[in-house]
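Trainee: Listed in order, the protein sequences are those of chains A and L. Just so you know, we're using UniProt numbering here: the first sequence kicks off at 1 and counts up by one. Just so you know, we're using UniProt numbering here: the second sequence kicks off at 1 and counts up by one.
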Amino acid sequence: MRTDGHTTPLLQVSGLTKHFGKYTALDNVDFDLAEGEILAVVGESGSGKSTLARTILRLVEASSGSVRYRGKDLFSLSAREMRGMRQNLQMIFQDPYASLHPRRKVAELISEPWRVHKGVLKRSQWGERVRELLGQVGLPESYANYHPARLSGGERQRVAIARALALQPDLLILDEPVSALDVSIQAQVIKLLMSLQQEFGFTCIFISHDLALVRLLADRVAVMYQGRIVELEKTAKLFAAPANGYTRLLLDSSPSLEGEVAAAPGRSSDLTTAARSRTELES
Amino acid sequence: MTAAAKIMQQPGEALIEIHDLTVQFRTAGRAINAVRGIDLSIGPGESVAILGESGSGKSVTGKAVMGLINAPGKVSGSVRFAGRELVGLSETELQDVRGPGLAMVFQDSLDALNPVFSVGEQIMEILMVRLGWSREKSRAEAISLMQQVGIDSAEKRLSSYPHQFSGGMRQRICIAMAIALKPQLLIADEPTTALDVTVQAGILKLIAKLQRESGMALLFVTHDLAVARQVASYLVVMYAGRIVERGPIDALYARPAHPYTRALLNSNPGSVSHWSQLHPISGNPPDKTMVFTGCAFADRCPRAVSRCRAEAPALRQVAPGRDSRCHFAEELLDAH
Numbered sequence: 001m002r003t004d005g006h007t008t009p010l011l012q013v014s015g016l017t018k019h020f021g022k023y024t025a026l027d028n029v030d031f032d033l034a035e036g037e038i039l040a041v042v043g044e045s046g047s048g049k050s051t052l053a054r055t056i057l058r059l060v061e062a063s064s065g066s067v068r069y070r071g072k073d074l075f076s077l078s079a080r081e082m083r084g085m086r087q088n089l090q091m092i093f094q095d096p097y098a099s100l101h102p103r104r105k106v107a108e109l110i111s112e113p114w115r116v117h118k119g120v121l122k123r124s125q126w127g128e129r130v131r132e133l134l135g136q137v138g139l140p141e142s143y144a145n146y147h148p149a150r151l152s153g154g155e156r157q158r159v160a161i162a163r164a165l166a167l168q169p170d171l172l173i174l175d176e177p178v179s180a181l182d183v184s185i186q187a188q189v190i191k192l193l194m195s196l197q198q199e200f201g202f203t204c205i206f207i208s209h210d211l212a213l214v215r216l217l218a219d220r221v222a223v224m225y226q227g228r229i230v231e232l233e234k235t236a237k238l239f240a241a242p243a244n245g246y247t248r249l250l251l252d253s254s255p256s257l258e259g260e261v262a263a264a265p266g267r268s269s270d271l272t273t274a275a276r277s278r279t280e281l282e283s
Numbered sequence: 001m002t003a004a005a006k007i008m009q010q011p012g013e014a015l016i017e018i019h020d021l022t023v024q025f026r027t028a029g030r031a032i033n034a035v036r037g038i039d040l041s042i043g044p045g046e047s048v049a050i051l052g053e054s055g056s057g058k059s060v061t062g063k064a065v066m067g068l069i070n071a072p073g074k075v076s077g078s079v080r081f082a083g084r085e086l087v088g089l090s091e092t093e094l095q096d097v098r099g100p101g102l103a104m105v106f107q108d109s110l111d112a113l114n115p116v117f118s119v120g121e122q123i124m125e126i127l128m129v130r131l132g133w134s135r136e137k138s139r140a141e142a143i144s145l146m147q148q149v150g151i152d153s154a155e156k157r158l159s160s161y162p163h164q165f166s167g168g169m170r171q172r173i174c175i176a177m178a179i180a181l182k183p184q185l186l187i188a189d190e191p192t193t194a195l196d197v198t199v200q201a202g203i204l205k206l207i208a209k210l211q212r213e214s215g216m217a218l219l220f221v222t223h224d225l226a227v228a229r230q231v232a233s234y235l236v237v238m239y240a241g242r243i244v245e246r247g248p249i250d251a252l253y254a255r256p257a258h259p260y261t262r263a264l265l266n267s268n269p270g271s272v273s274h275w276s277q278l279h280p281i282s283g284n285p286p287d288k289t290m291v292f293t294g295c296a297f298a299d300r301c302p303r304a305v306s307r308c309r310a311e312a313p314a315l316r317q318v319a320p321g322r323d324s325r326c327h328f329a330e331e332l333l334d335a336h
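1. DSSP puts residue 97 (chain A) in a beta bridge; with which residues?
2. Drop a sphere of 10 angstroms on the beta-carbon of residue 21 (chain L), count the other beta-carbons inside from all chains shown, and report buried for 16 or more, exposed for fewer.
3. Note down, in chain order, every chain A residue with its Cβ under 9 Å from the Cβ of residue 38 (chain L).
4. Are the beta-carbon atoms of residue 255 (chain A) and residue 230 (chain L) separated by less than 7 Å?
5. Which residues in chain L sit within 9 Å of residue 172 (chain A), going by Cβ to Cβ distance?
6. Check whether the Cβ atoms of residue 8 (chain A) and residue 84 (chain A) lie closer than 7 Å to each other.
7. Please state whether DSSP places residue 248 (chain L) in a helix, a strand or coil.
8. Mind listing the chain A neighbours of residue 253 (chain L)? Cutoff is C-beta to C-beta under 7 Å, in chain order.
9. Please list, in chain order, all residues of the same chain as residue 203 (chain L) whose beta carbon is under 8 Å from its beta carbon, the five residues on each side excluded.
10. Between the C-alpha atoms of residue 60 (chain A) and residue 244 (chain A), what's the straight-line distance to the nearest angstrom?
11. Which residues in chain L sit within 9 Å of residue 253 (chain A), going by Cβ to Cβ distance?
12. How would you write the range of the beta strand (DSSP E) that residue 33 (chain L) sits in, first residue to last?
13. Would you call the region 205-215 of chain A and the region 245-254 of chain A touching, i.e. three or more CB-CB distances under 8 Å?
14. If you measure from the CB of residue 68 (chain A), is any heavy atom of the ligand ATP nearer than 6 Å?
15. Counting only Cβ pairs nearer than 9 Å, list the residues of chain L close to residue 175 (chain A).
16. Roughly how many angstroms separate the alpha carbons of residue 261 (chain A) and residue 247 (chain A), rounded to a whole number?
17. Please list the segments of the alpha helix (DSSP H) lying wholly inside the region 33-113 of chain A, counting only runs of 4 or more residues, in order along the chain.
18. Taking the alpha carbon of residue 18 (chain L) as the point to measure from, which residue in L:285, L:156, L:308, L:242 has its own alpha carbon closest?
19. How far does the alpha helix (DSSP H) with residue 200 (chain A) in it reach, from first residue to last?
20. Report the partner residues of residue 234 (chain L) according to the DSSP bridge assignment.
21. Determine the direct distance from the alpha carbon of residue 216 (chain A) to that of residue 49 (chain A), and round the result to whole angstroms.
22. Nearest chain A C-beta to residue 227 (chain L) closer than 7 Å, yes or no?
23. Taking 7 Å as the cut-off, decide whether the C-beta atoms of residue 38 (chain L) and residue 81 (chain L) are in contact.
24. I'd like the list of long-range same chain contacts for residue 220 (chain L), defined as Cβ closer than 6 Å, with 5 residues on each side in sequence excluded.
25. Looking at the structure shown, is residue 233 (chain A) part of a helix, part of a strand, or coil, going by DSSP?
26. Determine the direct distance from the alpha carbon of residue 13 (chain L) to that of residue 58 (chain L), and round the result to whole angstroms.
Next up, the structure:
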């Protein structure tokens, strides 16, 4: 999925930096995204992964650096031009309880983008398109008249996905899209997102702290630490042979169903002792 | 046979025996059944994890054991700790049991600490009030406790305030306070859920180490299958306020005896290599106001038949040391 020299990448991020006062949230971040690629951005709280997403979409303004979308410099656009541009660049947030207006019905929430981006879809077609989108995200048509309060967390996130897809964006940024959901619901939403990605081919930046999850879906993984990308590699290679020390620490720290993380020095030894003492207790 | 299974069969040895524990909240005429009848024994030094989704009743169970359910919550059933009945005790009587008997660590360490006192004062207060120790002796012990939970230059940090610590360090301080009176049972309610994964690894390691060294029993409440696997040898799976399956954790993950446990494992990212192999659980967790005639999981269960909706399955032994609340548990076990 890496770009070759002949086609322009969908997104080119270079030297992206964001200061909040003295604090550097993003420090000289560079990467390219090929059309249709899924890039996972992983890191812990404070690593800058959410700031990265917000800076790309100009929800916060960068301190320096540039973001080019199909070769066009997003930071040179006027506010009005940028609003138009957002038709192609959509974002889904972590908390579907906060991202959906509680007083709007589902149909209004999904058609909101057409209200903002006038001329995309004729008003007479809104109803039909809302029903189509509800079907695509696996919700019954009757939900169009519901308020978000009647929906579960997983259903709300489906509405947020339908709204993001309403403009058929080229790039979808997902900021921890399932981490607020119940464990039994997470897999539903992941499968939905990924089958939609397969169907429509949109490019994805998938922000997550969950390494086990990104391993299942990303073409490449960028590991962020203190505002910087410390490693950017194809997914299989990053998990098989992490080159960076922090990446190794993250991998070793992730709990697994097998119990002790075999490759974690200084950690497995303790847990092995714990397991042994339990065996003694049980014998 | 595991210690857990032995204890299940010889309740006399148990440190804590929970029998038919229910917790109900009545608000605006609606009955919210958070816990619908739990039976569980934990032996001295044993490590048990309660696994469940939000609304399963796992946290409420931990709080009920600690006597932390306030009105309009209503607790019934029995919780016997070291032979003493805890349900119905007054707050003063409970305070005797808490500390040297039971201690608890919560998810949110910032809420659990008092922002206007230094962490040293807060640890020392426990020792001075509960054990009647002098300031000097309590101070020395507070330093030792902070060292035990892995806080560097403990003596210097004694005078720091909660906000001057990171989330992981604050949780370590909460653990230091919880173990200050050397409890026989530590209840940890999602203690690492708010923390980063590298910090979580350290806290889980610490809890396992403290448990091993002190011989205290552990009741660890979590929604995370992999985290449970790190700290517990015995697993209790809760769904809709009830235990649906329990047994030694290795055996349970290798051969689940309840469709819900199996579905949780199949929808866990750690168990597959590509997203298309995930098998999600359909539907949503049930509402706590719902009343079930049959199995609470029937609506989401791929194996459900008419009997499941008509007849509520009982929690019963289905293999040595293994209990399941499914009519077809034996078939599930054989299928593996």
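Glycine is no exception: its CB is placed at the ideal position from the N, C-alpha and C atoms.
Mentor: The structure says:
1. Its beta-bridge partners do not exist; DSSP assigns none.
2. buried
3. What residue 38 (chain L) touches in chain A: nothing, since even the nearest Cβ is about 20 Å away.
4. Residue 255 (chain A) places its beta carbon less than 7 Å from that of residue 230 (chain L).
5. By Cβ distance, chain L contributes nothing, its closest Cβ being about 15 Å from residue 172 (chain A), past 9 Å.
6. no
7. strand
8. 257
9. 168, 171, 172, 175, 191, 192, 195
10. 29 Å
11. 196, 197, 198, 199, 200, 201, 202
12. 30-42
13. yes
14. Within the structure as shown, the ligand ATP is missing, as the structure has no ligands at all.
15. Within 9 Å Cβ-Cβ: nothing; residue 175 (chain A) doesn't reach chain L, min ~16 Å.
16. In this prediction, residue 261 (chain A) has a pLDDT of 42, which is less than 50 and means its spatial position is unreliable; what the coordinates show is noted afterwards. Rounded to whole angstroms, residue 261 (chain A) to residue 247 (chain A) spans 14 Å at the Cα level.
17. 49-56, 79-85, 96-99
18. L:242
19. Run containing residue 200 (chain A): 183-200, per the alpha helix (DSSP H) assignment.
20. L:48, L:248
21. 19 Å
22. yes
23. No; because the gap between Cβ atoms is not below 7 Å, this pair is not in contact.
24. 49, 188, 231, 232
25. Of the three classes helix, strand and coil, the one that applies to residue 233 (chain A) here is strand, per DSSP.
26. 24 Å
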